[in-house]
């Protein structure tokens, strides 16, 4: 598994910004998602649906220094909060079915 810093140093982050092509990357690594995307889509637990679409406010080009950017940290916290809130809610539903 590549870490975001190694992806950027390998040139993966240096995509041609003028190219109008779009692509979709699926990952469980929040740092990787923020480093590579312009928008992060957070999925809900079962049934899997789009829970949120969050723009990445960190400017390009991104590098290992981006990992300490306050905007990066805030977005990562927001995503973690959403994921763990959903996981807690799903767990409680399975433990105490109505």
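Residue numbers (my numbering): 0 to 97. C-beta: ideal position from N, C-alpha, C; glycine also. Being a predicted model, the structure only gives us computed values, none of them experimental.
When rounded, the separation of the alpha-carbon atoms in residue 84 and residue 73 is 16 Å. Between residue 36 and residue 54, the alpha-carbon positions lie close to 9 Å from each other. Per DSSP, residue 32 is one residue of the alpha helix (DSSP H) stretching across 29 to 35.
Between residue 24 and residue 42, the alpha-carbon positions lie close to 13 Å from each other. In the three-state scheme derived from DSSP, where H, G and I count as helix and E and B as strand, residue 54 is classed as strand. Short of 7 Å from the beta carbon of residue 65, and not among the five residues preceding or following it, lie these beta carbons of its own chain, in chain order: 34, 57, 71.
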